[in-house]
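Residue numbers for the sequence shown follow the working numbering, so the first one is 48 and each next one is one higher.
The C-beta atom is built at its ideal place from N, Cα and C for all residues, glycine as well.
Down below is the structure, laid out as structure tokens.
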Amino acid sequence: MTADVAIIGGRVVTGLGADIEGATVLVQGGLITALGVGVEVPDDVPTIDASGAWVLPGLIDAHSHIGAHEEANGAAGFDGSEVTSPNTAGVRAIDAINIEDIAFRDALAGGVTTVVVKPGSGNPIGGQSVAIKTGGGSTVDARVVRADVSVKSALGENPKETYGKRSQMPATRLGIAYVIRQALLDAQDYAVRRAKADDDGTPFARDLGKEALVRALSGELSWDQHVHRHDDIATALRIADEFGLRLVLNHGTEAHKLADLLAEHDVPVIFGPILSSRSKVEVREADPANLATIAAAGVRIALTTDHPVVPIGHLALQAAVAVRAGLPRDAAIAAMTSSAAEIVRVDDRIGALDIGRDGDVVIWSGDPLQVASRVLRVFIDGIEVHTAEAG
């Protein structure tokens, strides 16, 4: 279901670097059809006066576990990590998402209209992620923006802890890299055998995990690498180069140490969460200023709350903290909108107020990078899905 609406008179921040005072955003059939000053609004389209307010694209959290690690539901709502095997490439995050998780309400209240939900980081290979809207559809399937975003992989302390305490491989960093390499080699062999079976017209036993890894090897799925320390980042680059993976770093605590190399190889970083504590050794150098260094080197960036690590409604607050630490304002906005959409390959639909994109629009009381600003109204596909309480 979609709707028509015209939001008029606000300060429109497109997410593409332009701020337009007194502009109109026209949404028809759920898509943005016109934008700017002097837009003629058809008589049958409802109008909303946003004078004195700021109008932005819906924000994107490029790495979360919302709906899979449910709020206030304990073990019953913890479904995002299938840590029964080091390689669970065949599982899909979409199968774990409960859209009645109360965190979706918090997302809308924070102006977040799209989230990429990923499996957890307990496994060297954790499964497949999905991009969904935070409101609008009555099922998770009706909210899907992109069903095939990435395969989630993890290096460092998390898989070490998961399997080390079981005295099971991988208990070390070299063991983690081995598991990943062997799985990718097996997937390459699988692809060859599958192709031969297709050519010969003979039966072939399909394997969901290897099917997912073959798609990652072809570049159809990104390789989302959970990584903090600089040496683990180097390992991620090494493995990606060996297998031709479309690498995206997630967290990237020490990515500033290799920023020039990441820029050279065009490896994006989904950075954060910024507001969390230094909870383990590999994040001891966590600093929001690191993000400014990464961006200055020319690395494409997005932001993550890693919800529920940081509540998803605080995505814009993290951007504000990053600006205080030296990240340019436009880069901070883009890290929650256009740049995030580009990194997760949904920029054909969302991430900016731009003609032809989805009518996901948020009206803020003021600059979203100011702590006192709050979300007033949220539209997804032109349909109002959240209105702030008066006061």
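Ranked by Cα distance from G83, the options G248, V59, I95 are led by V59.
Taking C-alpha positions only, V191 is separated from R325 by approximately 33 Å. A contact is defined here as three or more CB-CB pairs under 8 Å, and the stretch 338-349 meets this definition with respect to the stretch 373-386.
Bridge partners of A156 according to DSSP: none are assigned. If you check the CB distance, D353 and H110 come in under 8 Å.
A straight line joining the alpha-carbon of Q75 with that of G127 spans about 36 Å. Inclusion of V130 and N170 in the CB contact set at 8 Å is warranted, their separation being smaller than that value. In the DSSP annotation of this structure, the continuous segment of the beta strand (DSSP E) that includes Q175 starts and ends at 172-180.
P206 carries a helical assignment under DSSP once its states are collapsed to helix, strand and coil.
In this model, P335 and T49 are separated by some 38 Å (Cα to Cα). Rounded to the nearest angstrom, the Cβ distance from A363 to P415 is 5 Å, consistent with a contact under 8 Å. Within the DSSP secondary-structure output, S197 pairs in a beta bridge with S176, S269.
Relative to the Cα of N134, the nearest Cα in the group A150, V164, Q175, K180 belongs to Q175. For R424, the beta-bridge partners assigned by DSSP are I410, T434.
It is roughly 7 Å from the alpha-carbon of F151 to the alpha-carbon of I113. For V261, the enclosing alpha helix (DSSP H) starts and ends at 255-264. Here R240 is exposed: its Cβ has fewer than 16 other Cβ atoms, across all protein chains shown, within 10 Å.
Boundaries of the beta strand (DSSP E) harbouring S111: 106-111, taken from the DSSP string. Between V177 and A201, the CB-CB gap reaches or exceeds 8 Å.
Apart from the 5 residues on each side of it in sequence, G299 sits with its Cβ closer than 6 Å to the Cβ of V316, F318 in its chain, given in chain order. Going by C-alpha positions, S412 is about 10 Å away from G57.
An exposed status is given to K212, since fewer than 16 other beta-carbon atoms sit within 10 Å of its beta-carbon.
By the C-beta density criterion, Q229 is exposed, having fewer than 16 other C-beta atoms within 10 angstroms. In the structure shown, G57 adopts extended strand secondary structure according to DSSP, grouped into three states. The C-beta distance from S385 to R347 rounds to 10 Å, too long to meet the 8 Å contact threshold.
Here H116 is bridged, per DSSP, to F125.
In this structure the stretch 141-150 touches the stretch 179-187; the number of beta carbon pairs closer than 8 Å is three or more. Of all C-beta pairs linking the stretch 267-277 to the stretch 287-296, three or more are shorter than 8 Å, placing the two stretches in contact. For E389, the closest alpha carbon among the candidates Y237, S132, V163 is that of V163. Around the Cβ of L155, a 10 Å sphere holds 16 or more other Cβ atoms; the residue is buried.
When rounded, the separation of the alpha-carbon atoms in V370 and A379 is 7 Å. V391 has its alpha-carbon roughly 33 Å from the corresponding atom of E436. In this structure, the straight-line span from the alpha carbon of A367 to that of I402 is close to 27 Å. Look at L231 here: in three-state DSSP terms it is helix.
Beta-bridge annotation (DSSP): D405 is paired with L78. If you look at I95, you'll find it in the beta strand (DSSP E) that goes 94-96.
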